Amino acid sequence: MQTNFTPEQLADPRIAEADRILRRCVHCGLCTAVCSTYVVVGDERDSPRGRIYLIKDMFERGRDATREVQHHVDRCLSCLSCMTTCPGGVDYMHLVDHARVHIAETGQRGLKDRLMRRLLAAVVPDPKRFRLALKAAPLGRPFLPIMRRLGLKELAAMLEIAPSTLPPPSRFEGPGTAVPQGERRARVIMLAGCAQQVLRPEINDATIRLLARRGVDVVVANGAGCCGALTHHMGEEEQALTAARRNVDAWTREIERAPVDAIVINASGCGTTVKDYGYMLRLDPAYAEKAKVVSALTKDVTEFVAGYDLGPPKRWSSLRVAYHSACSLQHGQRVTDEPKALLLAAGYTVLDVPEGHICCGSAGTYNIMQPELARELRDRKVKNIKSRKPDVIAAGNIGCIMQIASGTDTPIAHSIELLDWAYGGPVPRGLEALEAFVSDVPQPKRDFKAYISS
Amino acid sequence: MGRAIEAGHDFVQRQSRSSLYDRGRQNRHKNETRMQQKPPDQRACKSRRRGSETMSHIELPAPDSAIVARREAIVADLVALVGAGTVVADEDGRRAFETDALTAYRCMPLAVVLPRTTDEVSRVLRYCYENNVRVVPRGAGTSLCGGALPAEDAIVIGVSKMNRVIEIDYEARFARVEAGITNLAISAAVSERGYFYAPDPSSQLACTLAGNIAMNSGGAHCLKYGVTTNNILGVRMVLITGEVVDIGGAHLDADGYDLLGLVVGSEGQFGIVTEATVRIIRAAEGARPMLIGFGSSEQAGRCVSAIIASGIIPVAIEFMDKPAIDVCESFAHAGYPLDVEALLIVEVEGSEAEIEGFLAQIRDIAAPFGPTHVMISNGPIQSAKIWKGRKSAFGAIGRISDYYCMDGTIPLSRLPQVLTSISAICARHGLKVANIFHAGDGNLHPLILYNANDPAESERAEIAGAEILTLCVEVGGCLTGEHGVGIEKRDLMRVQFSDVDLALQMRIKAAFDPAWLLNPGKVFPLDAAGGGLGQAA
Amino acid sequence: MSEPLRPAADWELASMIASFASRNQPIEIVGNRTKARVGRPMQTAATITTQSLRGIKLYEPTELVMSAQAGTPLAQIEAELAGNRQMLAFEPIDLGPATGGVAGVQSVGGVFAANLSGPRRVTAGAARDHLIGVKGVNGRSEVFKSGGRVMKNVTGYDIARGLAGSWGTLAVMTELTFKVLPWPESATTLVYAGLPDEFAIELLCAAMGTPYEVSGAAHLSAGLSRRLGHSSLAAAGAALTAVRVENFTQSVAYRKQRLADVLSAYGAPIELDYGETLAFWGELRQLRVLSDMPSCLWRISTSPRNGPKVVAAIRRHMTAEAYYDWSGGLVWLEVPASADAGASDIRRAVAVHGGHATLIRADPQVRSSVDVFQPQTPTLERLTRNLKAAFDPQGILNPGRMYAGV
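Chains as they are written, first to last, in the numbering used here: chain V, 80 to 533; chain E, 305 to 841; chain Y, 2 to 407.
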């Protein structure tokens, strides 16, 4: 597609980057059909192509973000389904990131919107504050109708999504290193995460157990914290970069201390962002190289585990598992087959979900900021999942897990929890009723090698 | 006919040639002017490019300034008719609709309406008819010929929100759908029972049935299953007067004149189709493509003729030349050979045993033409990749360059000659070309590669394109096989048609839309539009 | 009536039309007159026949395309195609025997002007689907062309298709270009005897819903099957339901077997070999079983599964013999002669179930008093008149043949 930037404009590296991305788009429109918002609203402005066009116009004219542009960019889930489909390889992810920064810098958000964003940015990434807030949530629930009537739909959505009970904190919140017994095969850094620790601490426990069984040291680095995705998607560039720098520092220290085989992430939304640190910090001479190293080491937990032979499962079930492919995993990181292959190898019956490329509506804080669209997407996702009649739903991202759980009674767990269960871990929370359908696999008395030699 | 003459008169009011000089002067100052915030109306409706629009040889009809001046009032009326949520009126919103997949041409519409029901379409069209406002219908905006290019004095009516499946009858083998549904979504809706909707344009993931009907879209598999017109049983269409007519239905043939046959391919100039009944076909037991690579395009072309002469009608025979193969392979990793000059993708259908028989037969037929590479798909995953590479070809080319996509059709026997001439034409203009096309039916898609940010090169690309299409007509073919005329090939229509032919077509247009309000400025040369109407009146 | 005029070139035809137009005199347009008894009777000053516009202009077997002048006998075209083992895939119907004429003399122009498609239409498409290019002269005596010789062509409106089925009321086609297809290497037919209409159509729809590319799906009521020339089938004396498979020899053998398995609930079929298959469907193409004068003949087009419902509704009012084709979507219905040929009851039945009915055979008085073609809604009627005016503003070409005043 033709672009119209002046040499002066192109001197700005962000504009030069946007120009490079825009020039690849041929406006063919294939992205519209797979876009999670376009399939729901059928409006060009809420499609990747439409947004690209609006962003192009905004950058070309070098003007402040208008409410209209802001509205349609805000409605983008950053599910990146468009990027999987785009034959031209248009880097929509970074284009929309640039646009969000520009909107944050120049847009005119209402007071309510700004306060809401500031509240989320301050609370969610901080586990302590987040836990407190969730404990307080039930107190606010009786006021839901009033909030809605006052137009505080975001606040109402937040209260609705908040779980009514909170699990106890994880046994292992770090910082520190979980060291397994026996032969040691690898050393990985694990991102302990922020909201996930509070909402479903079992995911980190399951990850550590699963890795430990294979002789992997799991390090939770001192000083690492929220990956910055939440503020990054709000266009709050400085906050996001601060989080990124903090993690790069923490992990670089660990890497310097002893070789690290991977930075393992079990929330794919975070994984997509950490894999992008190299790009986000490319203009920062002090961090560019270190960030690149960090991104190169980063793997989704299933990506990492898939490289290991987990052996035969300890428990065998034929539970029908609907695998919900988190957008950040399938589109953001292009990890599609590994989780399913792992679940299959662990003895589960794995079901693909129709319209699997469409987002569930979680998308970070999207389900709070855009409750109507998020609910429509959630219901569509749940309907598609139910059409496969699963016993349990598996997903690789806490956001999806919370979002889908709010719309169905079918139990849902992280893929890693199901794997850990099959390989000897405890039954995942919420799946207790399914335990009856799972039987222990008789374990051989001797291992194969010993048998041959005897 | 009084209104028709008036409307025709507008058409012949072309932008004055003398202004070219002035615009050229603006060009030299474009950098300075662009830095300023231009008022919206100055940025509107520049064909080709902002700031260098003189490059284009295609003019847009002069807008009706009285209508443009009434924009606010018209928008208010539309909002009253269908509600604010259905009307896009602000500048940014309209901007997103200013072009389709032919981005060289852009024009800000007066307003955009995104109705959800036939009734809303009807109300808006009646309003437009009564107020003499032009209308540009839009599906998904994937037209490669500018079929959905707005006009400054026109309302865009987009049917993308009307995308429901209304009824599926497997026994009678039809599906009734809203016309804004995407092509692929129809097949998806019936695939569970082993059925599909046959026409498969490369944009089938995104393009709407409404757009397919307007352009009579084809695709790779129409060698066996026909194009859109062969697969539509009926439409519900809103005329410009707002009247809703049902043409055809679930039955197989028309009563009276074949209005359906005329509506399909009428480029949105007869009415707005809001619902359609389409034929669904039970899919074959299986299908499998094979790849046959050749050392020259000529051998590949002769092989295609030999396959067809043998009595086998494959479901598809697709052709790619080396530049196209390289790009598509790097995108799809389909296993296309990189050391051949021309590649055929031949797909056959049937049971496993039948497929093997057909493919062996085709292999034998191809042998005398010296194929340097023969590969039969080893299963569904590879087949899907092979087709993904082909169907994403246009977009994938976008990775390396801007392109201008041609769509001429030629008699198959002229293929070697035409390919040689295409290379010569492009070489003469200093441009590269990649050829991808439906070889079974001679439908060529030369992609002329150029730099859209280089005005001189853009102009050369357009000239080369016109020369290629003229060549297609000269050898007995046509300007467009499946994309449509739109704005892009409008001025070439005289290469293929006499004034009498064009005038007849224009009278047919007037039979449906006497005031010429629907999709203005497309299909017919602007001067012919005036003249033709004069004759019709 | 005076001798028909026989233009031998399109310019000659144009000058003839011009001279009638200048006097505002209506003209009858015919080919070989095999369909002259179809449609509303007309009052015309003269007759123009396309008989002298003869000859195949282009035939490219490897491009699957042929062009012929409008007056070329279909028989000549089919013979030429057969020489290359090719055919007109839509299997044109011959109205001759059913309308008191002879078979095998119709012109190619007539076939397309009436959009007459035979049994294979159900998969291969209608005559209109095969017509890709037309040259002709309109009522303004202008020589025009549309389409061309290439299969895929969306350049300008699809006028060729608009002319298919217009019965010479819009323009006189002088040259037609159409798709042809390879003749199948082999064919077979499975015939099921004695099924009531509803079950028969259920069988046909089931057969069409298989992946075996059934290319003929017809059902004859018992009264009609007795008239078949094929001796053993006629002797069965029962309603017959026929399913045809065409392809390469090995595919036919395989598909026939699979089809018989799928349809086993309907009993064991009689199997026709290739020769018998050609004879049986050839007989249907010529509507030989429907030539029982003086009864009236209707052609009803409806959604396939509604065919039996429409016929049952009509049979409450009159006796009727039915030849269902297109898996039930086309019904040729023979009813006793009467003052309105049963039009009111038949059209009411069609109105309930959707579709349309055309009166193909009846006395001229009947054809002038009832609507021969399905009456249209006011809006469609207006479009029809507008279209007529676009081609023939004075209304001199076959005036009133389809609709009064058109």
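The beta carbon of each residue, even a glycine, is placed where N, CA and C say it ideally should be. For clarity, every value in this text was computed on a predicted model and none was experimentally measured.
Practice task
Please state if the CB of E656 of chain E and the CB of D625 of chain E are separated by a distance shorter than 8 Å.
Solution key: Your numbering for residue 625 of chain E matches position 321 in the second sequence. Your numbering for residue 656 of chain E matches position 352 in the second sequence. Against a cut-off of 8 Å, the Cβ pair of E656 of chain E and D625 of chain E comes out as no contact.
Handout entry: Cβ of D368 of chain E within 8 Å of any chain Y Cβ
Key = Position 64 of the second sequence, counted from the first residue, corresponds to residue 368 of chain E. Cβ-Cβ to chain Y under 8 Å: no for D368 of chain E.
Practice task
Find the nearest neighbour of P337 of chain Y within the set Y:S142, Y:L298, Y:F145, judged by alpha-carbon distance.
Solution key: On the third sequence, position 336 is the one that residue 337 of chain Y refers to. Answer by Cα proximity: Y:L298.
Exercise for the section: Tell me whether C526 of chain E sits in a helix, a strand or coil according to DSSP, three-state version. Expected result: As a working mapping, residue 526 of chain E is identified with position 222 in the second sequence. C526 of chain E: helix per DSSP, three-state reduction.
Practice task
Report the option in E:Y501, E:S570, E:E633, E:E456 whose CA atom is closest to the CA atom of G163 of chain Y.
Solution key: In the third sequence, counting from the first residue as 1, residue 163 of chain Y sits at position 162. When each option's Cα is compared against that of G163 of chain Y, the closest is E:S570.
Problem - Validate contact between the stretch 296-304 of chain V and the stretch 262-282 of chain V using beta carbons, cut 8 Å, 3 pairs - result: yes
Practice task
For A95 of chain V, count neighbouring C-beta atoms within 10 Å of its own C-beta (all shown protein chains included) and say buried if the count is 16 or more, exposed if not.
Solution key: On the first sequence, position 16 is the one that residue 95 of chain V refers to. So A95 of chain V counts as exposed.
Exercise for the section: In the DSSP assignment, find the unbroken alpha helix (DSSP H) run with I371 of chain E in it and report its ends. Expected result: Locating residue 371 of chain E in the second sequence gives position 67, counting from the first residue. Start and end: 369-373.
Exercise for the section: With 8 Å as the limit, tell me which residues of the stretch 575-588 of chain E have their beta carbon closer than that to any beta carbon of chain V; keep them in chain order. Expected result: none
Problem - Within 7 Å of chain V by C-beta, residues of the stretch 790-809 of chain E in sequence order - result: none
Exercise for the section: Please classify D122 of chain V: is it buried, with 16 or more other beta-carbons within 10 angstroms of its beta-carbon, or exposed? Expected result: Numbered from its first residue, the first sequence carries residue 122 of chain V at position 43. Label assigned to D122 of chain V: buried.
Practice task
Can you give me, in chain order, the residues of the stretch 107-138 of chain Y that have a beta carbon less than 8 Å from any beta carbon in chain E?
Solution key: N116, S118, R122, V123, G126, A127, R129, D130
Problem - Three-way DSSP call (helix, strand, coil) for E262 of chain V in this model - result: Within the first sequence, residue 262 of chain V is the residue found at index 183, counting from 1. In the structure shown, E262 of chain V sits in coil (DSSP, three-state: anything other than H, G, I, E or B).
Handout entry: Residues that C782 of chain E contacts on chain Y, provided the C-beta gap is smaller than 7 Å
Key = The count along the second sequence starts at 1 and reaches residue 782 of chain E at position 478. Per Cβ cutoff of 7 Å: G149, V151, N154, T156.
Practice task
Check the Cβ-Cβ distances between V549 of chain E and every residue of chain Y, and say whether any is below 8 Å.
Solution key: Taking the first residue of the second sequence as position 1, residue 549 of chain E is located at position 245. For V549 of chain E, the answer is yes, since a Cβ of chain Y falls inside 8 Å of its Cβ.
Practice task
Provide the residue(s) that pair with L360 of chain Y in DSSP beta bridges, ordered along the chain.
Solution key: Taking the first residue of the third sequence as 1, we reach residue 360 of chain Y at position 359. In the DSSP output, where bridge partners are listed per residue, L360 of chain Y has Y:W299.
Handout entry: Proximity to T471 of chain E [Cα-Cα], best of E:K465, E:E482, E:G462, E:I461
Key = In the second sequence, residue 471 of chain E corresponds to position 167, counting from 1. Checking the sequence shown, residue 471 of chain E turns out to be Glu, not Thr. The residue with the shortest Cα to Cα distance from E471 of chain E is E:E482.
Practice task
Could you tell me the boundaries of the beta strand (DSSP E) in which T352 of chain V lies?
Solution key: The sequence position of residue 352 of chain V within the first sequence is 273, counting from 1. That residue, T352 of chain V, is in no beta strand (DSSP E); its alpha helix (DSSP H) goes 347-353.
Handout entry: One or two residues paired with W333 of chain Y in a DSSP bridge
Key = For the purposes of this step, residue 333 of chain Y is identified with residue 332 of the third sequence, where counting begins at 1. Looking at the DSSP assignment, W333 of chain Y forms a beta bridge with Y:R300, Y:Y324.
Exercise for the section: Examine chain E for any beta-carbon lying closer than 8 Å to the beta-carbon of M162 of chain V, and answer yes or no. Expected result: Counting from 1 along the first sequence, the entry for residue 162 of chain V is found at position 83. With 8 Å as the cut-off, M162 of chain V does not count as an interface residue toward chain E.
Problem - CA-to-CA distance, L796 of chain E to D473 of chain E, given in whole angstroms - result: Mapped onto the second sequence, residue 473 of chain E falls at position 169. Mapped onto the second sequence, residue 796 of chain E falls at position 492. If you take the alpha carbons of D473 of chain E and L796 of chain E, they lie about 43 Å apart.
Handout entry: Nearest residue (CA-CA) to L264 of chain Y, options Y:L191, Y:I28, Y:G40, Y:V123
Key = Mapped onto the third sequence, residue 264 of chain Y falls at position 263. That would be Y:L191, whose Cα lies nearest to the Cα of L264 of chain Y.
Exercise for the section: Can you pull the chain E residues whose beta carbon is under 8 Å from the beta carbon of C406 of chain V, in chain order? Expected result: As a first step, residue 406 of chain V is located in the first sequence; it is residue number 327 there, counting from the start. By Cβ distance, chain E contributes nothing, its closest Cβ being about 18 Å from C406 of chain V, past 8 Å.
Practice task
Have a look at V567 of chain E and Y404 of chain Y and give me their C-alpha separation to the nearest angstrom.
Solution key: Reading the second sequence from its first residue, position 263 is the one you call residue 567 of chain E. Reading the third sequence from its first residue, position 403 is the one you call residue 404 of chain Y. The alpha-carbon atoms of V567 of chain E and Y404 of chain Y are separated by roughly 21 Å.
Practice task
Could you tell me whether the Cβ of H555 of chain E comes closer than 8 Å to any Cβ of chain Y?
Solution key: For the purposes of this step, residue 555 of chain E is taken as residue 251 along the second sequence, with counting starting at 1. Chain Y, which has a Cβ nearer than 8 Å to the Cβ of H555 of chain E, makes this yes.
Problem - C-beta contact flag for T422 of chain E and T578 of chain E at 8 Å - result: Against the second sequence, residue 422 of chain E aligns to sequence position 118. Against the second sequence, residue 578 of chain E aligns to sequence position 274. Taking 8 Å as the Cβ cut-off, T422 of chain E and T578 of chain E qualify as a contacting pair.
Problem - Proximity below 8 Å, CB of D805 of chain E to CB of H357 of chain Y - result: As a first step, residue 805 of chain E is located in the second sequence; it is residue number 501 there, counting from the start. As a first step, residue 357 of chain Y is located in the third sequence; it is residue number 356 there, counting from the start. No, the Cβ-Cβ distance between D805 of chain E and H357 of chain Y is not below 8 Å.
Problem - Beta carbon of R419 of chain Y nearer than 8 Å to that of W333 of chain Y - result: An answer regarding residue 419 of chain Y cannot be provided, because it is not within the stretch 2 to 407 covered by chain Y.
Exercise for the section: Would you verify that the beta carbon of G478 of chain V is, or is not, closer than 8 Å to some beta carbon of chain E? Expected result: Numbered from its first residue, the first sequence carries residue 478 of chain V at position 399. No, because no Cβ of chain E sits closer than 8 Å to the Cβ of G478 of chain V.
Exercise for the section: Examine chain V for any beta-carbon lying closer than 8 Å to the beta-carbon of S426 of chain E, and answer yes or no. Expected result: Mapped onto the second sequence, residue 426 of chain E falls at position 122. Closer than 8 Å: no.
Problem - For M313 of chain V and R188 of chain V, the rounded distance between their alpha carbons - result: Locating residue 188 of chain V in the first sequence gives position 109, counting from the first residue. Locating residue 313 of chain V in the first sequence gives position 234, counting from the first residue. For R188 of chain V and M313 of chain V, the distance between alpha carbons rounds to 12 Å.
Practice task
State yes or no: is the beta carbon of C158 of chain V nearer than 8 Å to at least one beta carbon in chain E?
Solution key: Taking the first residue of the first sequence as position 1, residue 158 of chain V is located at position 79. For C158 of chain V, the answer is no, since every Cβ of chain E falls outside 8 Å of its Cβ.
Handout entry: Cβ distance (whole Å) where T489 of chain V is taken to contact P469 of chain V below 8 Å
Key = Along the first sequence, one-based indexing puts residue 489 of chain V at 410. Along the first sequence, one-based indexing puts residue 469 of chain V at 390. Indeed, because the Cβ distance is near 6 Å, the residues count as touching under 8 Å.
Exercise for the section: Go through its chain and collect everything with a Cβ distance to I490 of chain E's Cβ below 7 Å, but skip five positions before and after it. Expected result: Here residue 490 of chain E is taken as the residue at index 186 of the second sequence, counted from 1. For I490 of chain E, where only same-chain residues beyond five positions count, the Cβ hits under 7 Å are A479, V481, Y501, L513, V582.
Practice task
Could you pull the start and end residues of the beta strand (DSSP E) that T178 of chain Y belongs to?
Solution key: Indexing the third sequence from 1 puts residue 178 of chain Y at position 177. Looking at the DSSP string, the run of the beta strand (DSSP E) that includes T178 of chain Y is 172-180.
Exercise for the section: In the DSSP assignment, find the beta strand (DSSP E) that holds K736 of chain E and state where it starts and stops. Expected result: Indexing the second sequence from 1 puts residue 736 of chain E at position 432. 736-742 is the span of the beta strand (DSSP E), which, as asked, contains K736 of chain E.
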